[in-house]
């Protein structure tokens with residue numbers, strides 16, 4: 001009997017510890033503190049010139065700045081530079097450094113630091129440029145507070161690359177000790193757990209509202225809803241429509257924007273049967289983006305018809321979307337013409353870490369059954385996707401979203417030039433190569449835009465890929481906070497978020 | 001003494017075999033850590049430069065040699081993804097997972113021992129049927145699912161804890177243990193039903209044996225006989241079982257950590273596998289194998305002490 | 001005691017029969033196409049038309065559960081088969097012959113036993129990629145060591161029995177001794193390990209699916225359905241409840257049967 005009582009006491013003791021340990025642990029009322037959920041850790045690097053993952057760059061946006069900085073309308077505004085001018089021939093860029101811009105370590109930004117960053121990106125020591133457009137730089141120098149960059153050939157997009165982060169020359173470990181000029185400074189990190197940022201009070205511009213920011217890594221997408229409901233995170237920038245539906249009538253507001261990427265079933269144009277344009281067109285006729293958006297995304301998303309999304313404004317052609325309206329008969333006829341009257345079988349490789357693409361692929365598989373084509377989904381890890389699909393080009397089809405590394409049409413369209421190392425779909429059209437080359441060196445804006453548009457039409461008419469949509473971006477933000485702004489590029493601007501009062 | 005020595009040697013050989021298997025199987029896996037790090041920005045030049053930096057261009061055997069001698073000195077190399085030494089990276093994670101696993105075992109023992117004994121005594125009553133039924137059902141629920149249900153009931157509805165609001169043990173141990181109670185319970189639940197059932201069965205079996213009846217017939221007090229003879233013998237298989245389930249409990253924690261967002265070894269193991277962060281994976285597997293082999297060793301030794309008749 | 005055993009046996013048989021009927025039903029014809037999607041039926045509740053309701057794509061959950069039972073049973077059965085078959089071969093050979101081969105294989109076996117089976121499967125999936133057959137191979141390999149150890153222990157016991165020595169004196173070949181005299185004696189031990197193994201395989205499949213390493217969508221398996229349902233648990237708990245119940249029943253039936261054999 002005595003032992004039973006002891007055991008009982010032990011059980012109740014443990015329970016008591018558990019209960020009191022958890023009870024008081026709600027997010028405290030003070031709103032100068034925010035916990036932001038992010039879907040993955042910043043695994044590649046904290047060095048802004050080395051980091052490549054979109055998920056890393058969107059966070060580093062808060063720590064680092066370039067001479068110019070994009071705003072939420074997609075314009076470039078002076079940042080570390082106070083002003084800039086471009087010569088009439090488009091060859092000479094002059095940037096005037098802003099006075100009194102400080103790094104997070106308290107030192108002033110000097111022209112030397114800027115030159116160091118240009119040098120670092122133009123040549124990584126083995127003759128390669130981290131930013132390939134920098135190969136076009138003829139010379140760069142400083143004159144007092146002015147930075148002068150001379151190009152070999154005119155490049156209308158060059159200013160975009162001046163968003164390159166400015167880091168101090170004397171920082172030996174930018175990878176583990178990030179120092180920038182942005183509105184937030186780095187405090188600490190715990191791998192796969194969190195990253196802690198603090199407001200930088202000596203920031204040159206409008207200071208951030210919230211003082212302490214914890215970026216909590218929520219790698220398991222299934223628990224995000226629970227974490228939001230429980231209140232352990234205040235903000236999550238990319239939730240799915242299904243997750244949003246769970247958050248109805250909760251403490252969260254759901255904001256809707258666009259992801260700014262081209263989601264498509266990318267087809268390997270070099271393998272049978274996709275080497276035949278008629279087969280690709282047949283798939284386009286069979287796949288109905290509207291139905292995909294309805295089934296997988298609760299009707300949220302913008303159908304698109306070429307490798308360009310609406311945020312690009314003047315480059316975007318809405319009409320490309322109407323070329324392949326769902327037409328099963330036509331699709332069957334095209335397949336017959338191409339020599340596949342009974343359809344065929346192929347596999348779609350989809351990265352397993354991103355549910356929206358998996359959901360899209362599931363609907364595509366179902367839609368293709370109508371024209372006798374059997375598709376099989378193969379989930380692969382992101383790493384295998386990179387090595388097999390993207391670099392190795394060993395695939396038939398893949399569902400993925402391709403985003404723009406900068407707000408230039410070039411970043412979306414150059415990859416489809418036949419000899420581009422990024423042309424993972426093996427698209428090959430001499431006409432396209434010619435037009436794009438011409439566009440790259442055209443300085444006149446109207447003419448250049450026209451050339452880019454012709455390229456987009458080629459992608460559509462040739463059915464390079466089965467284009468689907470620009471995904472909707474759903475943001476869950478606790479009603480205690482407000483001020484979140486959507487950008488046309490992949491960034492998460494924490495400095496704009498403020499307490500709701 | 002000779003017995004212990006033999007066991008320890010076997011343990012060391014096992015660990016060596018584990019490290020060989022792990023290292024070479026990972027060099028066969030498709031996927032390239034350098035490529036994974038460069039992502040879509042990879043160019044052949046940058047790739048080969050990074051491979052050289054990571055030492056991936058050396059032959060496998062040479063890399064194994066370097067790695068293994070490092071491990072003997074306690075140096076597990078550097079993580080590719082985080083640019084820090086594996087040891088400093090994993091220190092906290094190991095502690096977190098161990099706290100979780102040990103809590104699961106403690107909960108399991110604290111609940112199942114009294115429960116098993118109690119049920120053995122009530123084995124003829126109606127309660128036994130209820131007990132068996134509930135036990136069977138608990139055993140049949142996957143641990144991640146009981147985790148979800150616990151979160152729903154205790155986290156969302158009763159608000160006894162905040163799902164996802166893990167507190168690291170080094171900032172507040174009590175709060176940390178408080179948070180870990182529910183994940184530990186989720187891991188322990190199926191084990192509780194197994195252990196209590198095992199104990200109940202063995203107690204009943206022991207109680208029916210000749211010597212126990214003899215002891216009773218000599219007029220010894222019921223309780224004394226029960227605790228001295230029956231329970232002592234019935235505990236041997238239970239201890240063995242607990243030792244064997246240690247591996248299961250660690251595996252369970254890898255999954256349940258995901259449900260409760262506990263940043264232990266599980267999460268970092270999964271991301272390291274998909275990111276091909278070999279030094280981290282190798283270290284984690286070797287460490288987990290070490291804990292499992294060690295727990296088996298302890299069980300063997302306990303067994304040896306409890307029952308000197310056993311000589312393997 | 002006898003009576004409770006009988007009750008267990010009957011309940012176990014009934015439940016297992018029900019589960020098997022579901023699996024066979026899933027093999028022949030389901031009420032709806034388990035893959036066909038319908039925008040208007042998204043998250044439809046329980047009705048006469050859809051007895052278990054519909055999932056996020058408007059697919060009939062009952063039909064998917066039927067196919068899911070089939071898939072899960074197939075996977076678990078294959079896993080246990082691989083584990084039991086290879087485990088028995090390895091356990092018998094090492095146990096019977098002993099010597100350096102025994103030492104060598106048992107060290108590897110111990111090494112594999114030192115990995116939690118899910119961990120081992122994770123590594124194997126890393127090697128082969130994910131998918132139904134990869135999962136079977138991964139879990140199958142992970143299940144070999146425990147079978148090998150159990151069988152070896154049993155063979156060691158039988159090998160030293162008097163009658164085996166007697167048979168040896170008559171000049172029977174090793175192969176004959178193993179097939180005729182040893183293997184039949186393993187029946188009881190194997191049967192109960194297979195039942196336990198089957199249940200572990202069902203749970204392991206669910207766990208692997210939760211970690212995103214199970215069968216590829218849109219194919220249903222009970223584990224996959226259960227983990228997919230977590231996202232919708234607040235608005236449509238039914239999507240989790242039914243696959244959950246079926247998994248529980250499957251294991252319950254088998255463990256009740258397991259309780260009645262072997263002892």
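Protein chains in written order, with this note's numbering: chain A, 1 to 501; chain B, 1 to 312; chain C, 1 to 263.
Where a beta carbon is used, it is the ideal one built from N, C-alpha and C, also for glycine.
Below 7 Å between beta carbons is the criterion; list the residues of the segment 218 to 239 of chain A that meet it against any residue of chain B, in chain order.
218, 219, 220, 223, 226, 227, 229, 230, 231, 232, 233
So which residues on chain C does residue 292 of chain B lean against when the C-beta distance must stay under 7 Å?
Those are 114, listed as they occur along chain C.
Can you find the residues in the same chain that come closer than 6 Å, C-beta to C-beta, to residue 71 of chain A, ignoring five residues on each side of it along the sequence?
Cβ neighbours of residue 71 of chain A beyond the five flanking positions: 77.
Taking 8 Å as the cut-off, does the segment 245 to 258 of chain C touch the segment 236 to 256 of chain A (at least 3 CB pairs, one atom from each stretch)?
They do not touch, by the three-pair rule.
From the beta carbon of residue 203 of chain C, is the nearest beta carbon of chain B less than 8 Å away?
yes
Around the C-beta of residue 9 of chain B, are 16 or more other C-beta atoms found within 10 angstroms, so that it is buried, or is it exposed?
exposed
For chain B, find out if any of its Cβ atoms is closer than 8 Å to the Cβ of residue 206 of chain C; answer yes or no.
yes
Quick one: using the 10 Å Cβ neighbour count with 16 as the cut-off for buried, is residue 24 of chain A buried or exposed?
In this predicted model, residue 24 of chain A has a pLDDT of only 37, less than 50, meaning its place in the structure is not dependable enough to derive any value.
If you measure from the beta carbon of residue 80 of chain C to each beta carbon in chain E, is any gap under 8 Å?
No chain E is part of this structure, whose protein chains are labelled A, B and C.
Rank B:250, B:271, B:229, B:263 by C-alpha distance to the C-alpha of residue 364 of chain B and give the top, closest one.
Any answer about residue 364 of chain B is impossible in this case: the structure gives chain B only from 1 up to 312.
Chain A partners of residue 37 of chain C, CB-CB under 7 Å?
The contacting residues are 295, 363, 366.
With C-beta atoms as the reference, is residue 288 of chain B less than 8 Å away from residue 119 of chain C?
yes
Tell me which residues share the same chain as residue 19 of chain C and place their Cβ nearer than 7 Å to its Cβ, disregarding the 5 neighbours each side in the sequence.
69, 249, 250, 253
Assign residue 129 of chain B to buried or exposed, taking buried as 16 or more other Cβ atoms, counted over all protein chains shown, within 10 Å of its Cβ.
exposed
Please list the terminal residues of the continuous alpha helix (DSSP H) segment that includes residue 263 of chain A.
Residue 263 of chain A: not part of any alpha helix (DSSP H); member of the beta strand (DSSP E) spanning 261 to 267, first to last residue.
Name the residue from A:32, A:34, A:58 whose alpha carbon lies nearest to the alpha carbon of residue 42 of chain A.
A:58
Going by Cα to Cα distance, which pick from A:145, A:317, A:415, A:396 is closest to residue 114 of chain A?
A:145
List the whole-angstrom C-beta distance separating residue 195 of chain B from residue 241 of chain B, where the pair is believed to meet the contact cut-off of C-beta under 8 Å.
6 Å
According to DSSP, simplified to helix, strand and coil, what is residue 473 of chain A?
strand
Considering just the uninterrupted stretch of the beta strand (DSSP E) at residue 137 of chain A, what are its terminal residues?
137 to 143
Do you know whose CA, among C:215, C:236, C:115, lies nearest residue 284 of chain B's CA?
C:115
Along chain C, in chain order, which residues have C-beta atoms closer than 8 Å to that of residue 379 of chain A?
For residue 379 of chain A, the C-beta contacts it makes with chain C under 8 Å involve 130, 131, 212, 216, 217, in order along the chain.
If you draw a straight line from the alpha carbon of residue 47 of chain B to that of residue 168 of chain A, how long is it in whole angstroms?
26 Å
Should residue 44 of chain A be flagged as near chain B, meaning a C-beta pair shorter than 8 Å?
So yes, residue 44 of chain A belongs to the interface.
Comparing the C-beta of residue 260 of chain B with each C-beta of chain C, is any distance below 8 Å?
no
Shorter than 8 Å from the beta carbon of residue 235 of chain C to some beta carbon of chain A?
yes
Under a Cβ-count criterion, where at least 16 other Cβ atoms within 10 Å of its own Cβ denotes burial, should residue 429 of chain A be classed as buried or exposed?
buried
On the DSSP bridge list, what partners appear for residue 346 of chain A?
A:375
What are the start and end residues of the beta strand (DSSP E) that includes residue 236 of chain A?
Counted as a single uninterrupted DSSP element, the beta strand (DSSP E) harbouring residue 236 of chain A occupies residues 235 to 239.
Just how far apart, CA to CA, sit residue 28 of chain A and residue 310 of chain A?
Its pLDDT being 41, under 50, residue 28 of chain A is placed unreliably in this model, and the coordinates cannot settle the point.
Checking contacts by CB at 8 Å: is residue 2 of chain A closer than that to chain C?
The predicted model places residue 2 of chain A with a pLDDT of 47, which falls under 50 and marks its position as unreliable; any figure quoted below should be read in that light. Closer than 8 Å: no.
Pull the bridge partners of residue 197 of chain A from the DSSP assignment, please.
The partner list for residue 197 of chain A (beta bridge, DSSP) reads A:186, A:213.
Any contact of the segment 129 to 146 of chain A with the segment 422 to 442 of chain A, i.e. 3+ C-beta pairs under 8 Å?
Contact between the segment 129 to 146 of chain A and the segment 422 to 442 of chain A is absent: fewer than three C-beta pairs spanning the two stretches fall below 8 Å.
Could you pull the start and end residues of the alpha helix (DSSP H) that residue 97 of chain C belongs to?
61 to 97
CB-CB under 8 Å to residue 40 of chain C, same chain, minus the five flanking residues each way: which ones, in chain order?
Within the same chain, residue 40 of chain C has close Cβ partners 58.
Taking Cβ to Cβ, would you say residue 279 of chain B is nearer than 8 Å to residue 80 of chain B?
yes
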